[in-house]
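Since the structure comes first, as structure tokens, the remarks are kept for the end.
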Amino acid sequence: MSDTALHPEENIRVRIAPSPTGDPHVGTAYIGLINFLYARQRGGKFVLRIEDTDRARFVATSEQMIFDALHWLGLTWDEGPDKGGPFGPYRQSERTAIYSEHAQILLDAGAAYRCFCTAEALEAARRQTPGRYSGTCRNLSVSEVEANLKAARPFTIRLKVPLDGSTTFRDELRGPITFEHNNVDDQVLIKSDGFPTYHLANVVDDHLMQISDVIRAEEWISSTPKHVLLYQAFGWKLPRFWHMPLLRNQDKSKISKRKNPVSLVYYRQAGFLPEAMLNFLGLMGGGMPADINDASEKFTLPEMLRHFDVKAIRPAGPVFDLTKLRWLNGEYIRALAPQAFYAALRSTVLSDAYLSEIASLIQPRIETLAEFGNLTHFFLADDILPSQDLFLPKNRALPDTLAFVAEQLTVLEAVEWTHAAIESALKQLGEAKGWSVKENFMLLRAILTGSTSSPPLIESMLIFGKARTLDRLRRFLDAQKKAPAPKKG
RNA sequence: GGCGCCAUGGUGUAAUUGGUUAACACGCCGCCCUCUCAAGGCGGAGAGUUCGGGUUCGAUCCCCGAUGGCGCUACCA
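Right, dumping it as structure tokens:
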């Protein structure tokens, strides 16, 4: 294995490139942490680039949430959409001209071609012969292309991957990895809407932004040959590639919201401390020496800056063990000075903003101030698990009810977190499935509040927040799945 | 199915880059402390390192194969 020691002169520049498609992801924090450490340890730059080229999945509020989550963790970046920098803009949607320019270069060089196949045709073809794209557009004559263009037929631009041979690249954690070209697809570079795909935008930006080390998740390994081919087609120098292990659910599958809370917003709102989260992420895959202090598993960001070594990361995917995170978080909570602990409480689960929102909802509903607690317990508790006789509607079977809850969850995941949107989405679902508004809302109320009487449901959900609401629903379903209620005689 | 990556108790990690009774932490169980619950202290169960072959005086560690898990296989990232 060749030496990868860096030249002291070398300019280290790394980046994270999250997509604003929803809540900021715990995986983004993990990769962010490693990139952050790598840059800071070497006097390099840490860049934040927003990859918003997927119009369909774009979520407007997502970008700000990503900023907030990374700030919360203390992973500060040197260049980004909010800070600017010498290689901007740092939002891919503002760089579309750059990508088409580069696609044109590829076209001119014969390294890419226009594909006029429709998505439907491709899917049909794929069903027949799965595997590498083998359409005929690759071999279209100049006049045929002209004719298609004249007819204004929509097209994509694809990378012309060599028919034979192979591409080998070096993964800094694993060594050389080879892919035969006949297993590499003619990747779409520019979609028919004119936006670039990840592959093109990523390579072009990484080069233009002078990224020295691409440190990203393992799921990208199989597309790396395409990226390498792209660098070569442009005649650009390759960055180093580091593929970090994928965080896993308990069952070892790639971490997902269905099986684990993955939203950083959730962790923040649920009262995890950033120090604990960072510490926990630093545990994933290793990277910290065993004996840096007495409690070798507990370390701070400064300690990580001193001792963390990316090369020491083991490529096996670690399970994101919530139980251990909670223990670690408890350790950090107990270590807080009393006034710091109180301050933490008052800035999160008991913040003025949160409490006053709750208060406005409660004021019309109580007769003595002390009743406040009676009506707000579910806002402050971490876990509400209603018994079956509380949530199960009369004349509804348990399986049907749980199936309906799962659908409520799906609907709520996709909905914009506003009163109107939630209400109409829920009502629409109920109507489609034959659930009355009353049953529909009461079911949700029971699960979320642990009671059949509560402040207005949707208002409560708005205050409680999307991340925690969804988490509560998921936990409910989870608990039901794990311990199905006993049959009643 | 194809391609790729990975493989130490249930989970996260260690084990002078071949020599240990395979260590630590979480979790679990028990005891102590204690008005209770946590925390804390003490102790315990739990892996012979996925399996099978090599190489070697000697393999968790090196090689090969199998198996299993995961990822990718989109005009998503």
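Going by the numbering used here, the first sequence opens with residue 109, and the numbers climb by one from there. Don't be surprised by glycine CBs; every beta carbon is placed ideally from N, CA and C. Please read all numbers here as calculations on a predicted model, not as lab measurements.
Mind checking whether residue i and residue j have CB atoms under 8 Å apart?
i      : j      : result
Glu383 : Leu354 : no
Arg576 : Ala378 : yes
Leu488 : Ile470 : no
Gly395 : Ile421 : yes
His307 : His335 : yes
Val155 : Asp186 : yes
Arg148 : Leu389 : no
Leu510 : Leu581 : no
Gly558 : Ile492 : yes
Ile566 : Glu531 : yes
Leu537 : Val513 : no
Asn368 : Leu430 : yes
Phe195 : Gln318 : yes
Ile174 : Gln200 : no
If you draw a straight line from the alpha carbon of residue i to that of residue j, how long is it in whole angstroms?
i      : j      : result
Ala461 : Ser170 : 21 Å
Pro126 : Ala309 : 13 Å
Thr476 : Ser562 : 17 Å
Ala164 : Trp525 : 18 Å
Ser371 : Leu297 : 30 Å
Pro262 : Ile571 : 45 Å
Val322 : Tyr450 : 41 Å
Arg504 : Ser361 : 33 Å
Ala232 : His289 : 23 Å
Ala398 : Tyr146 : 19 Å
Asp294 : Gly188 : 31 Å
Ala593 : Gln496 : With a pLDDT of only 46 at Ala593, under the threshold of 50, the placement of this residue in the model should not be trusted; the figure read from the coordinates follows. Distance between the alpha carbons of Ala593 and Gln496: 7 Å.
Asp111 : Arg454 : Unreliable placement is indicated for Asp111, whose pLDDT of 39 sits below 50; the coordinate value is still reported in the next sentence. The straight-line gap from Cα to Cα measures roughly 51 Å.
Asn437 : Thr276 : 42 Å
Ala587 : Gln212 : 54 Å
Pro333 : Ala137 : 26 Å
Met109 : Ser274 : Confidence at Met109 is low in this model, with a pLDDT of 31, below 50, so the placement of that residue is unreliable and no value is reported for it.
Phe600 : Glu439 : Because the chain in this structure spans residues 109 to 597, residue 600 falls outside the shown range and cannot be described.
Phe549 : Ile265 : 48 Å
Going by other Cβ atoms of all chains shown within 10 Å of its Cβ, with 16 needed for buried, is residue i buried or exposed?
i      : result
Thr161 : buried
Arg553 : buried
Thr518 : exposed
Trp435 : exposed
Val122 : buried
Lys153 : buried
Asp272 : exposed
Ser320 : buried
Asp490 : exposed
Gly343 : exposed
Leu534 : buried
Arg203 : buried
Ala259 : exposed
Pro410 : exposed
Asn119 : exposed
Leu458 : exposed
Ser568 : buried
Thr305 : buried
Residue range of the beta strand (DSSP E) that residue i falls in?
i      : result
Trp350 : 348–352
Ala325 : 321–325
Arg121 : 121–124
At which residues does the alpha helix (DSSP H) containing residue i begin and terminate?
i      : result
Ser468 : 460–470
Pro507 : 506–522
Tyr339 : 332–342
Glu159 : Looking at the DSSP string, Glu159 is not in any alpha helix (DSSP H), and its letter there is neither H nor E.
Pro284 : Taken as a continuous stretch (DSSP letters only), Pro284 belongs to no alpha helix (DSSP H), being part of the beta strand (DSSP E) at 283–288.
Phe487 : 480–488
Gly538 : 527–541
Pro128 : First-last for Pro128: undefined, no H or E at that position.
Identify every residue that forms a DSSP beta bridge with residue i.
i      : result
Val427 : Arg356
Glu221 : Rather than Glu, the amino acid found at residue 221 in this sequence is Tyr. According to DSSP, Tyr221 bridges with Arg266.
Ile298 : Ile265, Pro304
Arg278 : Pro284
Gly192 : Gly188
Ser371 : His133
Lys153 : Arg121
Lys362 : Arg356
Arg199 : Ile158
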